[in-house]
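**Q**
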Amino acid sequence: MPDLLNISKLSVEYATGKRTKITAVNEASLVIPSTGYTLGLVGESGSGKTTLGTSMMNLIEPPGRITAGSVNFMGRNVLEMGNEELRKFRWQEISMVYQSAMNSLNPVKDVSWHIVEVLKQHKKISNAEAQEQTLKLLTEVGIKQDRAKGFPHEFSGGMRQRVVIAMALALSPKLLIADEPTSALDVVVQRQILSLLKREVMSRGLSLILITHEIAILKGLVENIAVMFRGEIVESGPTDKVLFKPLHPYTEMLISSLLTMDSGRAMIRSLQAGRETGEAPPEVGCRYANRCKYVFDRCRVERPMLLEAEPGRLVACHKYH
Amino acid sequence: MSEPKPPNRLKQNASYVRSVGSKILGKRSGKIGVAILVIILGFVLVGTFVIPYSPTDSSGPAYSAPSSSHIFGTDYIGRDVASMIVWGAYPSMFVSLLASLGAVVIGLVVGVFSGYYRRAEGVLTGSADVVMTFPAFPLMILLGMLYTPTNTTITLILIVVLWAPVSRAIRSQVLSVKERPFVEAAIVSGRRNLEIIARVIIPEVATIAIAYFVLMLSVSLVFVTGLEFLGVGNLEAISWGTILYWAQQFAFYNGSWWWILAPGLFITLFATGFALLGFSVEEVMNPRLRAGA
Amino acid sequence: MSQVPLGALTQDSAGAPLLRLEHVNVFFKRQRGIFRSETSVVRAVNDVSFDVRESEIMSLVGESGSGKTTVARCILGLMPVTSGTIYHRGRAYSLERTSHPVEFRRDVQMVFQDPFESMNPREDVYTTIGIPLRRLANMRNETEIAKKISSLLTEVGLEPDKVMFKLPHQLSGGERQRVNIARALAPDPKLLIADEPITMLDASQRLNILSLLLRLKSTRNLTILMITHDLASAKALSDRTAVMFQGKLVEIGPTEILLSRPSHPYTSSILTATPKLQTGILGSAEGEEAAKEESTVSLSGCIYSARCRYATDICRAKEPELLPKSGASHLAACHNPLNT
């Protein structure tokens with residue numbers, strides 16, 4: 007049985023000028039073995055997490071370019087699919103909910119129209135059937151039937167994001183990618199939306215990749231975490247293990263610099279969170295070397311590979327191998 | 017503690033200008049525009065020294081077609097058309113340059129003040145609107161009738177018509193710049209209004225002003241030659257527009273196409289050249305292109 | 021100072037108020053409909069009163085639409101107030117935009133939310149920090165200015181040699197925010213208003229900046245008013261916290277108490293929704309409420325009543341006053357407060 011999603015040594019570059027380019031994703035590998043597998047992909051700005059998410063559906067546009075690697079969905083390489091195959095693949099096998107989606111709804115069409123469109127474009131069903139399924143979906147995501155004909159501007163951000171989620175679930179995909187779905191929303195709404203996502207994922211048996219910069223929301227939401235830093239996956243493993251016993255120094259720094267309700271003034275005063283530099287990562291060796299408190303010689307010459315440090319846990323760090 | 021040296025701002029500005037310049041020339045419209053202008057202006061410059069004939073006195077038989085001695089032929093009095101084009105270029109371009117400069121400066125001032133000061137808005141935008149409701153040519157002709165058309169008055173008439181669209185564009189840019197947090201930060205830091213206008217707002221809108229200036233060069237030349245062609249201008253003086261005026265009177269009767277073609281060609285090429293260059297400048301200086309975070 | 025009992029203005033003498041807001045209202049008229057026929061009034065700030073005491077750190081907490089940023093901008097004179105008074109050191113001042121006297125601008129400074137957008141992209145760090153020194157602190161001597169800028173940069177944790185002449189786009193997010201703080205400190209203010217100072221920074225930088233603010237507070241005896249939507253940073257930094265909801269001040273009191281035993285249901289709901297590492301964001305199974313439309317506006321009575329799960333008839337009929345609930349210094353505007 008091939009993995010549901012197998013990303014192998016994917017590299018993506020962006021051309022930032024006539025001659026300059028940056029590597030947004032550097033030989034990243036990720037596996038979603040089957041349906042029902044939930045993963046949180048966490049990283050700060052510049053980590054490449056959004057680029058990685060976008061490339062899973064082969065949506066990278068110039069000046070971005072996939073330069074190496076493959077994205078295999080149930081054995082088929084997404085990056086080599088033709089347009090027709092891609093069209094069938096997107097929405098039906100994998101679909102995506104992203105941060106600004108709630109603002110990209112068509113302002114002159116009511117919310118049901120959006121879902122009906124998704125249904126009709128991909129399945130041969132009658133208008134009546136599509137409307138019926140749409141109503142069911144809307145109820146499922148918490149939008150009452152009497153609001154089904156409302157327009158996007160009449161809804162709040164959270165409600166619009168629910169519409170987007172309904173669109174993403176309409177064709178019952180096997181994998182849902184959510185890229186910062188709640189970053190623009192208030193805390194209370196964020197909780198509702200994430201709770202909805204979790205419920206849907208569990209009841210439909212989907213796989214979920216949740217991309218976020220806030221690692222604290224992942225606990226209780228996804229079962230596994232992959233941490234990205236400057237284009238590379240530096241650690242992955244079960245959520246609780248990664249959160250409470252991080253292996254990679256970057257993960258360790260992220261967790262320890264978390265501001266939660268438990269942090270107090272004493273903690274802030276004493277802790278010296280990650281050193282900051284505006285410098286580009288070094289060309290050779292480990293990309294985290296300049297900021298790592300455990301750095302030693304080998305780190306500056308040899309790039310660490312993502313290997314198993316404990317059963318079920320991968321780390322790209324010389325401390326472990 | 018070692019004193020850090022401030023970077024050489026002059027060098028930085030120079031390299032900025034150079035990089036912008038190469039971007040402008042990199043675009044196709046920029047390349048073609050500059051090429052055209054080089055040819056036209058080159059011709060004028062070289063011709064000033066090379067062409068032996070005077071533009072005002074007869075130097076050959078009237079209505080003679082282009083030949084090796086008169087490359088653009090002669091007009092109805094026997095004056096060499098080529099030399100008239102060369103010498104007539106100066107007043108035309110001069111008026112165009114001054115009018116564009118005046119229009120952009122006034123447009124800039126009005127646009128900035130009407131955008132920055134809410135209270136001034138009504139009067140200033142109102143007057144711009146009023147000017148813009150009049151169709152340009154009839155208005156200019158009317159003004160030309162009222163005030164004897166000399167180079168000075170024509171320049172002023174052009175400025176009257178051209179400043180309004182510039183002020184509109186600048187004003188809208190000022191409105192959006194005003195909303196950006198660094199303007200508020202400047203106020204909190206103690207900067208006063210005039211300083212903010214001079215140091216913060218104007219640098220942001222200067223690029224648009226420059227783009228408009230280049231485009232105005234094209235527009236104003238067409239306007240001034242158009243006016244002269246219609247008879248509004250000092251018809252005794254030699255300029256591209258007046259050449260056309262006289263050519264239009266007589267050339268059709270004896271088929272001296274060269275007399276019309278030469279000035280027409282130069283006017284078109286001049287306007288096109290600056291228009292293309294202006295488009296390229298506008299694209300490159302589009303304020304939406306900002307250095308990334 | 022006025023003796024009017026104004027809810028949040030407590031009578032204890034823990035420190036004279038450096039800043040006082042009294043019944044401040046900011047209303048906007050909004051025209052809707054195709055022909056602009058309907059005019060609705062948006063109450064961005066609705067009868068807000070509170071003090072900021074000398075040497076304290078206070079947080080003004082609220083979500084989008086709460087009015088917290090509007091309050092900050094009114095204090096700084098960047099936005100006019102519809103009615104109400106703002107006192108600075110006991111003196112009521114004019115609320116027009118740029119007519120604030122220099123003494124005020126020297127004393128009350130702001131750190132803006134967006135580290136990149138609040139710096140002029142064409143001016144380098146030296147120029148940017150030099151402006152308040154020249155305009156507010158009236159410094160003229162170039163050498164002195166350079167020295168002061170260097171010391172400010174060092175104070176905020178930057179190396180002067182490295183950043184002095186850099187332009188904003190050449191700095192990282194954390195560096196920019198530090199420069200902003202240095203700029204705000206340049207005229208030696210007594211009150212620093214920090215508008216969401218860490219929201220736009222990477223997670224790894226947030227702690228550093230908060231730690232910096234804490235340090236500055238003690239070395240300079242600063243008073244800090246922090247505007248934030250994040251309860252965790254409010255808890256970590258502030259002595260007192262005020263919570264706003266849709267323009268109204270709904271709860272105010274000592275942070276420790278307010279965040280461990282909140283009186284107002286709204287405070288309680290954001291507390292529950294703030295992610296905690298031990299339990300994540302979904303926390304204990306607390307039956308998910310049906311999606312209550314977040315922008316439901318209560319037309320009468322308590323402004324939170326439409327969303328409140330504890331709302332009773334009186335809540336919908338009568339607007340609650342901000343009154344002490346548990347202790348003289350802890351006030352909430354609620355008819356059915358929690359934890360009392």
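Keeping their order, the protein sequence lines are chains A, B and C. So the number in the numbering used here is just where the residue sits in the first sequence, counting from 1, plus 6. So the number in the numbering used here is just where the residue sits in the second sequence, counting from 1, plus 16. So the number in the numbering used here is just where the residue sits in the third sequence, counting from 1, plus 20. Backbone N, C-alpha and C fix where the C-beta goes; we use that ideal spot for every residue, glycine too.
Would you call the CB atoms of residue 165 of chain B and residue 302 of chain B closer than 8 Å?
**A** In the second sequence, the residue the question calls residue 165 of chain B occupies position 149. In the second sequence, the residue the question calls residue 302 of chain B occupies position 286. No, the Cβ-Cβ distance between residue 165 of chain B and residue 302 of chain B is not below 8 Å.
**Q** With a Cβ-Cβ cutoff of 8 Å, do residue 86 of chain B and residue 97 of chain B count as a contact?
**A** As a working note, residue 86 of chain B is residue 70 in the second sequence. As a working note, residue 97 of chain B is residue 81 in the second sequence. Yes, they are a contact pair.
**Q** Cβ atoms of residue 61 of chain A and residue 312 of chain A: under 8 Å apart, would you say?
**A** Your numbering for residue 312 of chain A matches position 306 in the first sequence. Your numbering for residue 61 of chain A matches position 55 in the first sequence. Their beta carbons are not under 8 Å apart, which means residue 312 of chain A does not touch residue 61 of chain A by this criterion.
**Q** Using the DSSP secondary-structure output, state which residues sit across from residue 261 of chain C in a beta bridge.
**A** One-based indexing of the third sequence puts residue 261 of chain C at position 241. Looking at the DSSP assignment, residue 261 of chain C forms a beta bridge with C:79, C:273.
**Q** Starting from residue 219 of chain B, trace the alpha helix (DSSP H) both ways and give me its first and last residue.
**A** For the purposes of this step, residue 219 of chain B is taken as the residue at position 203 of the second sequence. First-last of the alpha helix (DSSP H) with residue 219 of chain B: 218-245.
**Q** Can you tell me the Cα-Cα spacing of residue 188 of chain B and residue 131 of chain B, whole angstroms?
**A** Here residue 188 of chain B is taken as the residue at index 172 of the second sequence, counted from 1. Here residue 131 of chain B is taken as the residue at index 115 of the second sequence, counted from 1. Taking the straight line joining both Cα atoms gives about 7 Å.
**Q** DSSP three-state label for residue 74 of chain B, please.
**A** Locating residue 74 of chain B in the second sequence gives position 58, counting from the first residue. Three-state result, residue 74 of chain B: coil.
**Q** Quick one: any contact between the region 282-299 of chain C and the region 248-262 of chain C, if contact means 3 or more CB pairs under 8 Å?
**A** Yes, the region 282-299 of chain C is in contact with the region 248-262 of chain C.
**Q** What does the alpha-carbon distance come out to for the pair residue 215 of chain B and residue 306 of chain A?
**A** As a first step, residue 215 of chain B is located in the second sequence; it is residue number 199 there, counting from the start. As a first step, residue 306 of chain A is located in the first sequence; it is residue number 300 there, counting from the start. Approximately 45 Å, taken between the alpha carbons.
**Q** Quick check: is the beta carbon of residue 198 of chain B nearer than 8 Å to any beta carbon in chain C?
**A** Walking along the second sequence from the start, residue 198 of chain B turns up at place 182. Yes, contact with chain C.
**Q** By alpha-carbon positions, which one of C:354, C:266, C:332, C:280 ends up nearest to residue 61 of chain C?
**A** Mapped onto the third sequence, residue 61 of chain C falls at position 41. For residue 61 of chain C, the nearest C-alpha among the options comes from C:266.
**Q** Under 8 Å, do residue 263 of chain C and residue 211 of chain C count as touching if we go by C-beta distance?
**A** As a first step, residue 263 of chain C must be located in the third sequence, where it is residue number 243. As a first step, residue 211 of chain C must be located in the third sequence, where it is residue number 191. The answer is no: Cβ separation not under 8 Å.
**Q** For residue 109 of chain A, which residues does DSSP report across the bridge?
**A** Along the first sequence, one-based indexing puts residue 109 of chain A at 103. In the DSSP output, where bridge partners are listed per residue, residue 109 of chain A has none listed.
**Q** Under 8 Å: do the region 134-150 of chain C and the region 186-200 of chain C share three or more Cβ pairs, one atom per stretch?
**A** Yes, since at least three Cβ pairs between the region 134-150 of chain C and the region 186-200 of chain C fall closer than 8 Å, the two stretches touch.
**Q** With a CB to CB cut of under 7 Å and the five nearest residues on each side skipped, what residues in its chain are close to residue 163 of chain B?
**A** For the purposes of this step, residue 163 of chain B is taken as the residue at position 147 of the second sequence. Answer for residue 163 of chain B: 169, listed in chain order.
**Q** Going by beta-carbon coordinates alone, are residue 244 of chain C and residue 216 of chain C separated by less than 8 Å?
**A** In the third sequence, residue 244 of chain C corresponds to position 224, counting from 1. In the third sequence, residue 216 of chain C corresponds to position 196, counting from 1. In this structure, residue 216 of chain C does not lie closer than 8 Å to residue 244 of chain C by Cβ.
**Q** In three-state DSSP terms, what is residue 233 of chain A?
**A** Position 227 of the first sequence holds residue 233 of chain A. Residue 233 of chain A falls in the strand class under three-state DSSP.
**Q** From the beta carbon of residue 206 of chain B, is the nearest beta carbon of chain C less than 8 Å away?
**A** The count along the second sequence starts at 1 and reaches residue 206 of chain B at position 190. Yes, residue 206 of chain B lies at the interface with chain C (some Cβ there is under 8 Å from its Cβ).
**Q** At the 8 Å Cβ level, is residue 227 of chain C part of the contact set with chain A, yes or no?
**A** Indexing the third sequence from 1 puts residue 227 of chain C at position 207. Yes, residue 227 of chain C lies at the interface with chain A (some Cβ there is under 8 Å from its Cβ).
**Q** Can you round the beta-carbon distance between residue 76 of chain A and residue 65 of chain A to whole angstroms, since I take them to be within the 8 Å contact cut?
**A** Indexing the first sequence from 1 puts residue 76 of chain A at position 70. Indexing the first sequence from 1 puts residue 65 of chain A at position 59. In fact, because the Cβ distance is near 16 Å, the residues do not count as touching under 8 Å.
**Q** Measuring alpha carbon to alpha carbon, tell me which residue in A:218, A:223, A:246 is nearest residue 230 of chain A.
**A** Taking the first residue of the first sequence as position 1, residue 230 of chain A is located at position 224. Selected option, being the one with the closest Cα: A:246.
**Q** Using beta-carbon positions only, say whether residue 195 of chain A and residue 290 of chain C come within less than 8 Å of one another.
**A** Taking the first residue of the first sequence as 1, we reach residue 195 of chain A at position 189. Taking the first residue of the third sequence as 1, we reach residue 290 of chain C at position 270. No; because the gap between Cβ atoms is not below 8 Å, this pair is not in contact.
**Q** Tell me which same chain residues have a C-beta within less than 7 Å of the C-beta of residue 50 of chain B, skipping the five on either side of it?
**A** Your numbering for residue 50 of chain B matches position 34 in the second sequence. Once the five neighbours on either side are set aside, the close Cβ partners of residue 50 of chain B are 41, 293.
**Q** In angstroms, rounded to a whole number, what distance separates the CA positions of residue 358 of chain C and residue 329 of chain C?
**A** Counted from its first residue, the third sequence places residue 358 of chain C at position 338. Counted from its first residue, the third sequence places residue 329 of chain C at position 309. So the two alpha carbons sit approximately 12 Å from each other.
**Q** What's the gap between the Cα of residue 181 of chain A and the Cα of residue 118 of chain A?
**A** On the first sequence, position 175 is the one that residue 181 of chain A refers to. On the first sequence, position 112 is the one that residue 118 of chain A refers to. Their backbone Cα atoms lie some 23 Å apart in a straight line.
**Q** Tell me, please, whether the CB atom of residue 300 of chain C is closer than 8 Å to any CB atom in chain A?
**A** Here residue 300 of chain C is taken as the residue at index 280 of the third sequence, counted from 1. By this cut-off, residue 300 of chain C is an interface position.
**Q** Tell me, please, whether the region 343-356 of chain C touches the region 268-276 of chain C by the rule of three or more beta-carbon pairs shorter than 8 Å.
**A** Touching, yes.
**Q** May I have the straight-line CA-CA distance separating residue 193 of chain B from residue 92 of chain A, to the nearest angstrom?
**A** Residue numbering aside, residue 193 of chain B sits at position 177 when the second sequence is read from its first letter. Residue numbering aside, residue 92 of chain A sits at position 86 when the first sequence is read from its first letter. Looking at the two C-alpha atoms, the distance is approximately 42 Å.
**Q** Taking 8 Å as the limit between beta carbons, can you name the residues of its chain near residue 87 of chain A, skipping five residues before and five after?
**A** Indexing the first sequence from 1 puts residue 87 of chain A at position 81. Contacts found: 64, 95.
**Q** Grab me the residues of residue 235 of chain A's own chain with a C-beta within less than 7 Å of its C-beta, minus the 5 sequence neighbours each way, in chain order.
**A** The residue given as residue 235 of chain A occupies position 229 in the first sequence. The residues are 49, 53, 256, 293, 294.
**Q** Of the residues C:87, C:284, C:75, which one's Cα is nearest the Cα of residue 69 of chain C?
**A** For this step, residue 69 of chain C is matched to residue 49 along the third sequence. Nearest option by C-alpha distance: C:87.
**Q** What do you reckon, are the CB atoms on residue 158 of chain A and residue 166 of chain A nearer than 8 Å?
**A** Against the first sequence, residue 158 of chain A aligns to sequence position 152. Against the first sequence, residue 166 of chain A aligns to sequence position 160. Yes, Cβ-Cβ distance for residue 158 of chain A and residue 166 of chain A is below 8 Å.
**Q** Using C-beta distances below 6 Å, list every residue in its chain close to residue 149 of chain A, excluding the 5 sequence neighbours before and after it, in chain order.
**A** Here residue 149 of chain A refers to the residue found at position 143 of the first sequence. Only 168 meet the Cβ criterion.
**Q** Going by alpha carbons, who is nearest to residue 91 of chain C out of C:192, C:41, C:112, C:133?
**A** Position 71 of the third sequence, counted from the start, is the residue given in the question as residue 91 of chain C. Of the listed residues, the one whose Cα sits closest to residue 91 of chain C is C:41.
**Q** Got a sec: which bits of the region 209-228 of chain B sit with their beta carbon under 7 Å from any beta carbon on chain C, in order along the chain?
**A** Cβ contacts with chain C come from 209, 216, 219.
**Q** How many whole angstroms separate the CB atoms of residue 163 of chain A and residue 143 of chain A, which I take to be in contact at a CB cut-off of 8 Å?
**A** In the first sequence, counting from the first residue as 1, residue 163 of chain A sits at position 157. In the first sequence, counting from the first residue as 1, residue 143 of chain A sits at position 137. With a Cβ gap of about 19 Å, residue 163 of chain A and residue 143 of chain A do not count as contacting.
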